[in-house]
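Peer 1: Residues -23 to -1, 1 to 1079 (mature numbering (1 follows the signal peptide of the UniProt record, and there is no 0)) are what the sequence shown spells out, left to right.
Beta carbons are placed, not taken as given, at the ideal position from N, Cα and C, and that holds for glycine.
Since the model is a prediction, treat every value here as computed from it, not as a measurement.
Here it is, the structure in full.
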Amino acid sequence: MKIKISTIACLIQAALFAPSSYAVDSIDIKNNSGQTIFTAKIYGTQDGPYTESNDKPVKSTWNLDSNSRTNILQGLSYWAQMLKPVAGQSPIIINIGTYNEENASAGSSPVEAGPGLAVTAFQAMFQNIPVKDEDLEYGAHGVINVGKMNFDNNTGPWRSVPTGMDKLSLPAIIVHELAHALGMNTLIVDENKNPTSSPANPKMNDTALYAWMVGLRDDNDKAAQVGQSIWCSVCENPDTDNVFDLRKDQGYFSGKNVTEVLAGALKGIPVKLMSDDETINTDYMSHSELKNSLLSHQSFRNYMAPMEAELAMLQDLGYNLDRRDYYGSSIYGDNQTIQNDNGYFKRNDAGTAYLSGEFNTATLGTGLHIYGSNNTVYQNADLLTSGEAGVGIRIDGGENTVIIPQKTKVIANGTNGYGILVAYGKEHRIIQQGTVEGDIGAAFDFGSNILGSESGLKGSYIDTTASQVPDELQGAAVESYDISGHLKGKQAAIFANWNSWVKQFNILNGATISGDIVSDYSQKDEDGNVRVTQINFGKAMNTDGSASDAPDENFSFTYNGNIRSQLDTSNIVLNFAAGTTSLNGSHLLLGAEILPDATLKGNSTYKVASGNALINSGTLAPGNSIGTITLEGDYKQTQTGTLLLETQAADYDSLVINGNAQLDGRLLLDVLPDYYQSNWQRTTSELLKVSGSVTNAFSSVSGQIASPTLTLTSRNTGSEDVFYLTRSAGAYSQYANNANSRAAGNALSNISNGATPPSGDMTSLLRALDFSATDGSDISRALPKLTPEVYSMAANNSLNREHQLSDMLLDTGKKVPAGEWRSFAVPFGGGFWQDSNAATVGYNASSYGILAGAEKGSERFDDWTFGFHGAVSGQKADAKSPYDATAKSTAVNAGLHARYAVDETEGLWLFGQTRLGVEDDRMDRRIYANGYSGRAHGKWTGLNASLNGTVGYRFKLNEMFSTGPFATLDYTLLHMPDVTESGDNALKVSGSNLNSVRSTLGVSGDYNQPLANGSALKTSLRLGWDKELADNGLSTDAHFTGYNNAGMRVDNSLGKRDAMKAALTADYSLNHDINMGVNVSSRLFRSDASSVEGNLYVRWRF
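Printed below as a string of C-alpha cells:
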C-alpha cells in the first residue's frame, strides 16, 4: 500500500533523499539508564540541506547559538526520559535546522503500519514497526524547524509554568512540536486546495489514517474513517453518507487510557477544526484542546508539560510509558467531593508500583492535578517529589477547595519545585492542616505564556488580548488559604506572582511558616483601589480546619521571614485579630492593624504605603524580649491601644517611627529582670523616636515591675516622662526569718546600694532575688544559704568525732597486768542527725575510721596501765533545709591515755586521756534562688585538742556482776583558720575557736560469763547524762569576697546542752592473750538530735 499525501497534509513530507554528506553537530540524548534515545543533528548554514519543501532541498538560514541548542536539547530530553524504547531500538535521528519564518514546527514521515493505518517514523521506531530507508528524510526519522522567534535565550532548570513574559519558551515549544512527530498529527487535505479563498472542503486521506486519527470522534461520537468528508460551519459539506460531522466543532480524541484518566468528566480530549476567528485551522485537529494545554493550539498556554490525559493519549497511540511516574492522580470532573487516597512517590524499577515514602524524581512530575471546577478534594495520602520542577498539587479550573489533613505531607523539594501551585481560575480555597514544602511552598502563578506576551497574558482580572476579562478570571485566584500546618519554601514559603491575587491568608494556631512571603500582585479595581491581600493572624479555627471570624485568644505564632514584593509597593495588609504574633524580618506593606485582643511583637522593619498607617488598637510590643521595631511610614495608636516597651538596666525596647505619629491610649513600661542600681532611670524619649510630627499624646504613661525589693516611680518633666527605680536599705533583710538571715540581707543591701556597682555572679544573684516572688518567699529561702552558718555544722561534726574517740577509749579499755603489753585496733563508724531550728543548722552526718594503740601494765606504779593511741577518720555532713551544703573532713589524731584499777570488778577506778589532732576540711555550699544557681567551695586545715578525765567506783554484787557510778569531765578545743572560698558569691570567713567542756554523770554495769576452754564473755552497759558546761554557741564573721563592706556576723547554737548517752559493749576473751568485742552507743532523750555509733575492736598481748 502506498500512502498518498499532499504538501498540506503533513508538516514534513517524506522524500527519498540520501543522507547528507556534510559535517553537522551530532548530539546523543540519553535516558536515565544511559541508553541513547535520540540523536540530534544540528545543521548550520554551511552544513547542507537537512529537509526539503516543495520537492526542493532546504538549508538552515541562520545558526543556532549555544543557549538555543541547550534549550532544544532540554525539550528533547523530556521525551527521552519518559518514552520507553523497545529492546534493541536504534537511536531516533532528528535533523534540526533553521528558517526565517516566525514559527516552529516538527514532523516525521508516515510509515505504513497495516491496512488503512499509518504511523510516523518516530512511532514506528518506538513500536518496533519496520522503517525503510525510503521512509527517512535526509537520513532522519524526523525534522525540527526553528524559525526566527523571540525565544527566551536563558538556560536553566525546568519550571512548572512559563516565566519568560514577552519571550517564548523554546524547551516547551520543542516538547509541543515533538508531540506532532510522535503521532499527534492528521492526514487531511482540502479538496478545494485554497480554503481561505473558497469554501473549505476538507477530507480524510483516502489511503490511511494516523493512529491519532483512529481515535478521533465527531460531534456525534462517530469515528474517523479513510476518505470521509469533513463537515464544518464554513465548509461546503457535500451531500454524502461518509461524513465526519464537526459543524459544532465538538470533536475529540478517545481511547482506553484517556477514558480511564478522564473518568467520565469529558468524552475525550477535545480537538478543534476551527480557529478563534471562525476560519479553518489548517493543522486539522492535530492538537489537544484541553484548556491552556501545552499541546494545544490556543493563544494562551501555561503548561510546560503534557497533562496526564495527554500522556494517556500517547499510551493509546501505542507508546510504552509509565504515566504514574509523572502524575499521581488527576481530577478532570466538576462538582465532586473526593477523598483522594492516591499518593505520589518513586516508582519501582518495573514501573508497576510506588515505593511508599520515597521521593519521586521525574522532571515536571505532579502529585495531584485538579483540572475541573467546583470540587472539594481531601488529599489523604502523601505526595512526595524531588524532581526538577515537580509539583505536589496543581490547581486549575475554578472554585475548587483543597483540604490537606494534619497527617498529610505534600513536598516538592526539587529545583523549582512547588508544594502547591494555583495556576488558573478564581475563588479556590485551600485548607492546610498538614505539611507543605517546596522550593516554593505555595505558589500562586498563572505563569506567562510559552508563546510570549504578544499572544496574551492572563491572571486575576487580567486578559491582555480580550476587550473584557472573562468571568472565569473575575475574582481572586484564591479566596482564602487557611494555614494551621507547616508551610516551608527555600525560595519563598508563599509566592503570589504579578498575575495572581490571593484574597486572604489566615494564619491559625499551630501554623509554622519558614521562608519569605511574597506578593507581586498590584492590580486595581475599577475605582482605582488596590485589590488587597489580607494576611490575618489570630482567627479561631473551625473543626474542619478553616478560619472563622471569631478571635482566638490562645493564638501564638512566630515568623522569622520577610513579607515582601519585587515591586516598590505592596498589596498586603496585615490584620492581627487576637493572641500573640511575633514577626521578625523586613516587611513591605500596604497597611497593618492590630485589633484590641491582639499583641504584635518581634524585631522588624515595616514599610507602610504613603497615606496608610500601622494602626494599633491592641498591643504593640517591640522585640521578643528587648528589641526594636522600625516603621517606615506613619503610626496611629487608638484609645484602646497600648505601646508596651520593655527595659533592662542598659538595653531597652525602641519604636522608631520614620514618619508621623498620632497618639492615644497608653504607653506601658515593663521592667524586665536584670540588675538595677538604685536610682536607675529610663526616659520615654529613649523608648519612642519619631522623625515626623506627633499629634496628641498618650492618655496614660505608666510602668510595671514584679519585684519584692524594687520600687518603680515616674515623673513628667514637661517634655518627657522619666521612670525611676529605688531599693530600700532593708530591701532583702525585711524577708529574713531570723537574725542570721537578716545579717545576710543587710550585706546584700550594702552591695546593691554601694557606690560601686556589683559585678559578675553577684549581679546574677541580685537580679534573681530582685525579680523573685513578690511576697519575698524566695528571698526568705535564699538568705540562709548565703550566710556562713553551715561552718558551725562542720565544727559540730568535728566535736562529735572527738567525743566519739574519747568514749571509744573509755569503753574498750582494760587493765593490763604489770609488765605486759597489749595492743588494740578499733574500726568504727557512726551517724548523727541534727534537727534545724532558729539558731542551729540541721544536718545528717556520718563518720568512719580506725582507732589503734597499745597499753602496758606499769611495773613501777601498781595497778596503773599506760598507753598511747592514734586515729584516722573521715566525716561527712549534709545540711538540711533551708541550707544546702556538704562538709567533709579527714582527721588524724594522736594521744596518750592511762587507767587505774586495783580490781576491774570492784573498787575505785580512774581513766584519763589527752589527744592532739589535725584535720583537712572542705565546705561545698550550693546557692539557688529563682532560677539562679551557684556553688562556693571552702578549704582549710584545722587543729584540735582534747583532755579527758573519768572517776568511778564499782560494787561487786557476785562473781559475775558488778556495777557502780562514774563521772567524766571532757575538754575539747577546735581551731578553724580564716577561710576564703572560691566559686560563686564566695565568702571570706574569719577564723574561730570552739571550746567545749562536757560533764557526764552516770552508772555502768558489767556482766562476766566464763566459758569453756578458758574463754569468757563480758557484757557492759554504760548510761551517762551528758551536759555541755561551756558556751554552746559559735559566732562566725564573714563577708562576700570582693565586697569588704558587705560583712555579716552569725550566731549558731551547736544543739541542746543535755543528752543521755547509752553504750553497750560485748567483749569476748578468746584466751589470756586475745580479746575482741563490739560496741554500740546512742544519744537518748535529746529532742533536737539523735545518733548511732558503733565499733569493733581487737586486743592482743605481746
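Check the C-beta distance from I20 over to N72 and give it rounded, since I have them as a contact under 8 Å.
Peer 2: Here residue 20 is Tyr; the residue named in the question, Ile, does not match the sequence. Going by Cβ atoms, the distance from Y20 to N72 rounds to 6 Å, so yes, they are a contact pair.
Peer 1: For A177 and E213, I'd like the C-alpha separation in whole angstroms.
Peer 2: If you take the alpha carbons of A177 and E213, they lie about 6 Å apart.
Peer 1: What span of residues does the beta strand (DSSP E) with F482 cover, start to end?
Peer 2: Its beta strand (DSSP E) spans residues 481 to 484.
Peer 1: Buried or exposed: which applies to M953, given that a residue is buried once 16 or more other Cβ atoms fall within 10 Å of its Cβ?
Peer 2: Buried: at least 16 other Cβ atoms inside 10 Å.
Peer 1: Where does K386 land, buried or exposed, given buried means 16+ other C-beta within 10 angstroms?
Peer 2: Classification of K386: buried, given that the 10 Å Cβ count is 16 or more.
Peer 1: Would you say D198 and Q227 are within 7 Å of each other, going by their C-beta atoms?
Peer 2: Taking 7 Å as the Cβ cut-off, D198 and Q227 do not qualify as a contacting pair.
Peer 1: Do you know how far the Cα of T140 is from the Cα of S691?
Peer 2: Cα to Cα, the separation comes out at about 60 Å.
Peer 1: I believe A1066 touches W810 by the beta-carbon criterion, under 8 Å. Please report the beta-carbon distance rounded to the nearest angstrom.
Peer 2: Right, their Cβ atoms sit about 6 Å apart.
Peer 1: Opposite C209 in the DSSP bridges: which residues?
Peer 2: The partner list for C209 (beta bridge, DSSP) is empty, contrary to what the question assumes.
Peer 1: Just how far apart, CA to CA, sit L294 and P382?
Peer 2: Each residue's Cα considered, the two are about 38 Å apart.
Peer 1: For the alpha helix (DSSP H) that contains T233, what are its first and last residues?
Peer 2: It should be pointed out that residue 233 corresponds to Lys in this sequence rather than to Thr. Unbroken alpha helix (DSSP H) run through K233: 233 to 239.
Peer 1: Spell out a yes or no on whether the segment 992 to 1006 and the segment 699 to 717 are touching, meaning 3 or more CB-CB pairs, one atom from each, closer than 8 Å.
Peer 2: With a cut-off of 8 Å, the segment 699 to 717 and the segment 992 to 1006 do not count as touching, because too few Cβ pairs lie within range.
Peer 1: Would you call the CB atoms of T343 and V368 closer than 7 Å?
Peer 2: Closer than 7 Å, so yes.
Peer 1: Taking its Cβ as the centre, do 16 or more other Cβ atoms sit within 10 Å of E287, making it buried, or is it exposed?
Peer 2: Buried: at least 16 other Cβ atoms inside 10 Å.
Peer 1: Of the residues K36, Q468, L665, R799, which one's Cα is nearest the Cα of P26?
Peer 2: Among K36, Q468, L665, R799, the Cα nearest to that of P26 is on K36.
Peer 1: Please classify A922: does DSSP put it in a helix, a strand, or coil?
Peer 2: If DSSP states are grouped into helix, strand and coil, A922 belongs with the strands.
Peer 1: Along the chain, where does the alpha helix (DSSP H) containing M190 start, and where does it finish?
Peer 2: Taken as a continuous stretch (DSSP letters only), the alpha helix (DSSP H) holding M190 covers 188 to 191.
Peer 1: State the start and end residues of the unbroken alpha helix (DSSP H) segment that holds K49.
Peer 2: Looking at the sequence provided, one finds Ile at residue 49 rather than Lys. It spans 43 to 59 - the alpha helix (DSSP H) in which I49 sits, taken as one unbroken run.
Peer 1: Go ahead and pull the three-state DSSP assignment for F99.
Peer 2: Helix, per DSSP.
Peer 1: Quick one: is D373 buried, meaning 16 or more other Cβ sit within 10 Å of its Cβ, or exposed?
Peer 2: Per the 10 Å Cβ criterion, buried.
Peer 1: Kindly indicate which three-state DSSP category G737 falls into: helix, strand or coil?
Peer 2: Helix.
Peer 1: Between which two residues does the alpha helix (DSSP H) containing G722 stretch?
Peer 2: Per DSSP, G722 belongs to the alpha helix (DSSP H) from 716 to 729.
Peer 1: Is the separation between the beta-carbon of L951 and that of L971 shorter than 7 Å?
Peer 2: Cβ atoms of L951 and L971: closer than 7 Å.
Peer 1: Can you tell which of G538, P685, L239, S533 has the C-alpha that lies nearest to the C-alpha of T751?
Peer 2: The shortest Cα separation from T751 among G538, P685, L239, S533 belongs to P685.
Peer 1: Using 8 Å as the threshold, is the segment 910 to 918 in touch with the segment 873 to 888, meaning 3 or more CB pairs across them?
Peer 2: Contact fails: fewer than three Cβ-Cβ distances are below 8 Å.
Peer 1: Distance check for A1039 and L1073, CA to CA, integer angstroms please.
Peer 2: In a straight line, the C-alpha of L1073 is about 17 Å away from that of A1039.
Peer 1: Report all residues from its chain with a CB closer than 6 Å to the CB of G487; omit the five preceding and five following residues, and keep chain order.
Peer 2: S461.
Peer 1: Can you tell me whether W475 is buried or exposed, with buried defined as 16 or more other CB within 10 angstroms of its CB?
Peer 2: The residue in question, W475, is buried, as its Cβ has 16 or more Cβ neighbours within 10 Å.
Peer 1: Can you round the beta-carbon distance between V803 and T817 to whole angstroms, since I take them to be within the 8 Å contact cut?
Peer 2: In fact, because the Cβ distance is near 30 Å, the residues do not count as touching under 8 Å.
Peer 1: Exposed or buried, what is Y825 when buried is set at 16 or more other beta-carbons lying within 10 Å of its beta-carbon?
Peer 2: It is exposed - the Cβ of Y825 has fewer than 16 other Cβ atoms within 10 Å.
Peer 1: According to the Cβ coordinates, are P599 and T607 closer than 7 Å?
Peer 2: Taking 7 Å as the Cβ cut-off, P599 and T607 do not qualify as a contacting pair.
Peer 1: Is Y(-2) helix, strand or coil by DSSP?
Peer 2: Its pLDDT being 46, under 50, Y(-2) is placed unreliably by the model, and nothing is read from it.
Peer 1: Check whether the segment 665 to 685 touches the segment 634 to 648, counting contact only when three or more Cβ pairs, one atom from each stretch, lie closer than 8 Å.
Peer 2: They touch, by the three-pair rule.
Peer 1: Residues in the same chain with beta-carbon distance under 6 Å from N537, minus the five sequence neighbours each way, listed in chain order, please.
Peer 2: Same-chain partners within the cutoff: N561.
Peer 1: Pick helix, strand or coil for L223, following the three-state DSSP scheme.
Peer 2: Coil.
Peer 1: If you reduce the DSSP assignment to three classes, tell me which class M161 lands in.
Peer 2: M161 falls in the coil class under three-state DSSP.
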